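Enquirer: Note that the working numbering numbers the sequence shown so that position 211 is 304, with each residue one more than the last. All residues carry an ideal CB built from backbone N, CA and C; glycine is no exception. A quick note: this is a predicted structure, and the numbers were derived from the prediction, not measured. First the structure, then my questions, so here it is.
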Amino acid sequence: MGIAKIVMSQKASVLIEHTSEDIVGYVLVKLLRDVFECCGDSQIDLVVTDFFDAFSVYLYHAELLGMDTDFISNISVIKVGGKINVGNVLQTVPISPYPVYKVRYEEALSRILRSDDNNRVKLNIQVGIDMIMNLFDKKELIEQIHDIGRQIIQNKDVINVVFINSESVGQASFEALPLLRLMFPIVLQLERGGEGFVVKKSVFPELRGIKGEV
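What follows is the structure, encoded as structure tokens:
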């Protein structure tokens, strides 16, 4: 069972923990490709939220591995900070104090994932969010984590898949990662440099502790 199958079968938000040594580009491109193969373009509204050019870094690594990334040009992207555009960038959110950033980001997301067709899957894949977490003070950081949980609970029709660098976010606050784990119904941890994963937490008993190839 791969990551895409877990995400699409359970229709639940997933936190994917990785370290700086994991090849996240391999995981991300395979996840995107597998999701489209599962649902097809006509059955899914998908957006990648790209914080500080993380998406471009991961795609570069995937290309070095010889992976096909041509399909990425058609994927909707919200850019938060950064200067390198990859994919179909529909909205740009400048870095600003958290209350302003929060409003701008949520408005951008609602404009892109606005389909009224309840049969369509809505998926928001977020990469590099740990970098923006390091910009906020502790109060803003806790508020951001709370808002992530609020979005998961209130917007149940949107599946959030969040890649988080556990080393980086741990530098922002020792409380950040435990709080993020609390918010998500499923938590995965990459293994073997990003080739495999283990389910560290799941509200679904049948998934707990399983290992798989990404």
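(1) Can you give me the Cβ contacts of serine 113 inside the same chain, cut-off strictly under 6 Å, excluding the 5 residues immediately before and after it?
(2) Closest to leucine 281 by C-alpha separation, out of Glu199, Ile218, Ala269 and Ser295, would be which residue?
(3) Kindly give me the distance between the Cβ atoms of phenylalanine 290 and leucine 283, rounded to whole angstroms, as I take these residues to be in contact under 8 Å.
(4) To which residues does DSSP link glycine 221 through a beta bridge?
(5) Count the other CB atoms within 10 Å of the CB of glycine 302; is the residue buried (16 or more) or exposed (fewer)?
(6) Starting from glycine 159, trace the alpha helix (DSSP H) both ways and give me its first and last residue.
(7) Given this structure, state the Cα-to-Cα distance separating arginine 243 from lysine 195, to the nearest angstrom.
(8) So, at 7 Å on beta carbons, what are the nonlocal neighbours of aspartate 115 in its own chain, with the 5 sequence-adjacent residues on each side left out?
(9) Would you kindly work out how many angstroms separate the C-alpha atoms of glycine 305 and glycine 95, rounded to a whole number?
Expert: Per the coordinate set shown:
(1) If we look at serine 113 and ignore the five residues flanking it on each side, its Cβ neighbours are Glu260.
(2) That would be Ser295, whose Cα lies nearest to the Cα of leucine 281.
(3) The Cβ separation is near 5 Å, so the contact holds.
(4) DSSP output for glycine 221 lists no bridge partner at all.
(5) Under this definition glycine 302 is an exposed residue.
(6) From DSSP, glycine 159 is part of no alpha helix (DSSP H); its letter is neither H nor E.
(7) Rounded to whole angstroms, the separation of the alpha carbons of lysine 195 and arginine 243 is 12 Å.
(8) Excluding sequence neighbours, aspartate 115 sits near Leu283, Gly286 and Gly287.
(9) Rounded to the nearest angstrom, the gap between the Cα atoms of glycine 305 and glycine 95 is 6 Å.
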